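Residue numbers (our numbering): 104 to 188. From the three backbone atoms N, C-alpha and C, an ideal C-beta is built for every residue, glycine too. Please read these numbers as outputs of a predicted model, since none were measured by experiment. The structure appears below as structure tokens.
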Amino acid sequence: MNKVVMYTTGYCPFCTRAEMLLTQRGVTQIEKIRIDEDTAQRAIMMERTGRRTVPQIYIGETHVGGFDDLSALDREGKLIPLLNG
104 MNKVVMYTTG YCPFCTRAEM LLTQRGVTQI EKIRIDEDTA QRAIMMERTG RRTVPQIYIG
164 ETHVGGFDDL SALDREGKLI PLLNG
């Protein structure tokens with residue numbers, strides 16, 4: 104299974120929903136990068152993604168985007184293949 108990395112903050116309902124969806128699809132480990140605790144990570148996230156909001160999710164080397172993007176990928180049947188590599 105591809106590694107999942109999620110840029111997040113301490114309180115983020117969309118991050119929680121993204122984590123729930125990923126767990127339902129079989130993900131057992133998510134590397135969470137807290138941008139509210141490390142401003143350098145916030146800058147890195149913005150540079151990598153071009154976005155300012157959380158969550159920002161990577162599956163393997165693929166930038167999925169936020170929760171809406173993740174959810175759309177799941178509805179299209181593309182999330183599980185991406186997770187499985």
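By the Cβ-count criterion, THR131 is exposed, with fewer than 16 other Cβ atoms from all chains shown falling within 10 Å of its own Cβ. It is roughly 14 Å from the alpha-carbon of ASP171 to the alpha-carbon of ARG154.
When secondary structure is reduced to three states using DSSP, GLN159 falls in the strand class.
Distance from the CA of ILE136 to the CA of HIS166, rounded to the nearest whole angstrom, comes to 14 Å. Residue environment for GLU179: exposed (fewer than 16 other C-beta atoms within 10 angstroms of its C-beta). As the crow flies, the alpha-carbon of TYR114 is around 23 Å from that of ARG128.
When DSSP states are grouped into helix, strand and coil, ILE183 belongs to the helix group.
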